[in-house]
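Since the structure comes first, as structure tokens, the remarks are kept for the end.
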Amino acid sequence: MRNEDSKLLESTKLELIKSVRHISDFEGIVREALENKGGELWVELQRTLFHLNNKLMTKGYSLGVGGASEEWKIRDVIEKVEKDILVSYVSPAELTDAEEFVSWLKIKISEHRVNSHPLFSYFDNDDISKEEMRYFLSNYRVNMQRFHLHVAAYSLVVPFEMREELYENLHDEFGEGDFTKAHPNLFEPLMDHFGGALEEDWNPETFNLLNTKMNLCWFADGLAFGLGGMGALELSIPAQQKRILANLRRRGLSEKLVEFFVVHCELDEAHGDGWFAAGIPYLKSVEDFNDTYTGAMRMLEARAGVYDGIMAGIESNRKELEEINASISAVDSELNTAN
């Protein structure tokens, strides 16, 4: 295929993802996108799905409105292909008791790469500039702002008794009765301190995490996927946030400015334990175990992907600055030689 034809084909695929007028052609392109994570098609797919999800969270399900049925078809196709190509997570055959399974799963969660991501060495070594911190927080904010919506949506499809734990979680998310301390409100002063969030900061990996949360909590078949995903997310977050918090404190920020991270270091592990404890009575089969395991690993990999994207962005910007500085040095050297 000629290079021009190849470019035209890729352009056509991108436009199809953006418009999705030909649903019959869509599945093949989705498969190509998901099998080539990080590629141009994957990036556009995540962006498109993010905007659909954001629209749903701000305007509702839009039933009976023009285009609504196409949006549901889009979601259905993407999730079917995602599940089809997903790594199969199977718990050990000897695990037949739900409590034993959850104990085993917590170990797998603690061993996931998200907990030892190299991005955090930047925080540990104080090797992250103010602008890089702003970029990190801007991407972090995308999912943080909407976290409570996933808890609320998931609570609609779980048994009545399990909702007690989820509503306790929501109570904490909203400041335990003090709305000024609702977690999105705690985050904003810190975000503003570093210069505020810009939409241009947001990476496709950040969109992918939100899209994954939507698929596991709003649209999953049964409670196991959301239980694994959200439980794993809550359990793993404190270890990561402690390293961010330590860096912020070494910068000399006030306790008021870092309160968001203080609160999460204190609460999230208990939330994770609570999610799994509440869900144990409803894990009744090996299939439930495997779905919970799959949800956990899928969510953690999406979270690790956010860190991959941020780290790649930081390294790319650093390389660009190095090249600019090298060019400036070269020009200065030539001028000095000429003089």
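Per this note's numbering, the very first residue in the sequence shown carries number 10; after that it's consecutive. Beta carbons are placed, not taken as given, at the ideal position from N, Cα and C, and that holds for glycine. Note that the structure is a prediction, hence the values are computed from the model and not measured.
Quick one: residues in its chain with C-beta nearer than 7 angstroms to the C-beta of residue i, no 5 flanking neighbours on either side, listed in chain order?
i                 : result
phenylalanine 196 : Arg150, Met153, Phe269
phenylalanine 59  : Phe216, Leu219, Asn220
valine 111        : Phe285, Ile289
glycine 235       : Tyr163, Leu225, Cys226, Ala229, Gly304
lysine 115        : Leu244
valine 90         : Glu36, Val39, Arg40, Leu43
Can you tell me the Cα-Cα spacing of residue i and residue j, whole angstroms?
i                 : j              : result
threonine 215     : valine 315     : 5 angstroms
aspartate 85      : asparagine 224 : 10 angstroms
glutamate 140     : aspartate 210  : 11 angstroms
alanine 191       : glutamate 185  : 8 angstroms
glycine 48        : threonine 57   : 14 angstroms
aspartate 297     : proline 290    : 11 angstroms
valine 96         : aspartate 317  : 19 angstroms
isoleucine 337    : threonine 346  : 14 angstroms
glutamine 249     : glycine 205    : 22 angstroms
alanine 335       : tyrosine 98    : 48 angstroms
serine 71         : asparagine 45  : 31 angstroms
valine 39         : asparagine 63  : 20 angstroms
arginine 11       : arginine 307   : The predicted model places arginine 11 with a pLDDT of 42, which falls under 50 and marks its position as unreliable; any figure quoted below should be read in that light. Those two C-alpha atoms are separated by around 38 angstroms.
phenylalanine 228 : isoleucine 118 : 23 angstroms
aspartate 14      : glutamate 324  : Because aspartate 14 carries a pLDDT of 46, less than 50, the predicted location of this residue cannot be relied on, and no value is offered for it.
leucine 179       : methionine 171 : 13 angstroms
histidine 126     : serine 245     : 12 angstroms
isoleucine 333    : methionine 320 : 20 angstroms
alanine 107       : aspartate 133  : 37 angstroms
isoleucine 87     : glycine 261    : 45 angstroms
valine 340        : glutamate 331  : 14 angstroms
isoleucine 94     : lysine 68      : 31 angstroms
alanine 77        : serine 263     : 47 angstroms
glutamate 109     : serine 138     : 44 angstroms
lysine 8          : leucine 165    : Here the chain covers residues 10 to 348 and nothing more, so residue 8 does not appear.
glycine 75        : glutamate 177  : 38 angstroms
aspartate 201     : valine 295     : 47 angstroms
phenylalanine 188 : glutamate 173  : 20 angstroms
arginine 155      : leucine 65     : 12 angstroms
phenylalanine 169 : serine 130     : 42 angstroms
aspartate 282     : lysine 92      : 27 angstroms
phenylalanine 145 : tyrosine 302   : 28 angstroms
Could you check if residue i belongs to the surroundings of the ligand GDP, using beta carbon to heavy atom distance under 7 angstroms?
i              : result
isoleucine 319 : By its list of ligands, the structure shown contains no ligand whatsoever, and the ligand GDP lies outside what it can speak to.
If residue i and residue j are in contact, beta carbons under 8 angstroms, what's the gap, nearest whole angstrom?
i             : j                 : result
glycine 233   : glycine 304       : The question names glycine, yet the displayed sequence has alanine at residue 233. So it is a contact: roughly 6 angstroms between Cβ atoms.
glycine 322   : asparagine 194    : Not confirmed; about 27 angstroms, so no contact.
aspartate 135 : arginine 259      : 6 angstroms
valine 167    : leucine 158       : Going by Cβ atoms, the distance from valine 167 to leucine 158 rounds to 15 angstroms, so no, they are not a contact pair.
glycine 231   : aspartate 300     : 7 angstroms
leucine 266   : proline 198       : 6 angstroms
arginine 143  : phenylalanine 203 : 4 angstroms
serine 147    : leucine 207       : 6 angstroms
So, at 6 angstroms on beta carbons, what are the nonlocal neighbours of residue i in its own chain, with the 5 sequence-adjacent residues on each side left out?
i                 : result
leucine 309       : His121, Val123, Ala241
aspartate 181     : Leu276
alanine 311       : Asn217, Leu218, Thr221
histidine 280     : Asn178, Glu243
phenylalanine 183 : Ala191
valine 160        : Leu175, Asn178, Leu179
proline 247       : Cys274, Asp277, Glu278
alanine 287       : Met171, Glu174
Does the CB of residue i have a neighbour CB from chain B at under 8 angstroms?
i          : result
lysine 139 : The displayed structure is made up of one protein chain only, and chain B is not part of it.
Quick one: what's got a C-beta closer than 8 angstroms to residue i's C-beta in the same chain, skipping five residues either side?
i           : result
proline 2   : Residue 2 lies beyond the stretch modelled for the chain, which goes from 10 to 348, so this question has no answer here.
alanine 42  : Ile26, Gly48, Leu50, Trp51, Glu53, Leu54
leucine 61  : Glu80, Ile83, Arg84
leucine 17  : At leucine 17, the pLDDT of 46 sits below 50, so the modelled position is not reliable and the matter cannot be decided from this model.
alanine 313 : His121, Arg122, Val123, His126
At a cut of 8 angstroms, does the region 213–224 reach the region 269–279 through at least three beta carbon pairs? No: the two stretches stay apart, fewer than three of their Cβ pairs being nearer than 8 angstroms.
Fully enclosed by the region 129–161, which alpha helix (DSSP H) runs are 4 residues long or longer? Runs found: 139–153.
Length at least 4, wholly inside the region 212–258: the alpha helix (DSSP H) runs in chain order: 213–226
Mind listing, in chain order, the continuous beta strand (DSSP E) runs of no fewer than 3 residues lying wholly within the region 298–325? Here no run is fully enclosed.
Could you give the uninterrupted runs of the alpha helix (DSSP H) lying entirely in the region 101–128, keeping only those of 4 residues or more? 107–120
What are the complete alpha helix (DSSP H) segments, minimum 4 residues, inside the region 27–90? List check, alpha helix (DSSP H) in window: 32–43, 49–68.
Of all the alpha helix (DSSP H) runs that stay within the bounds of the region 172–208, which reach a length of 4 or more residues? 172–182, 192–202
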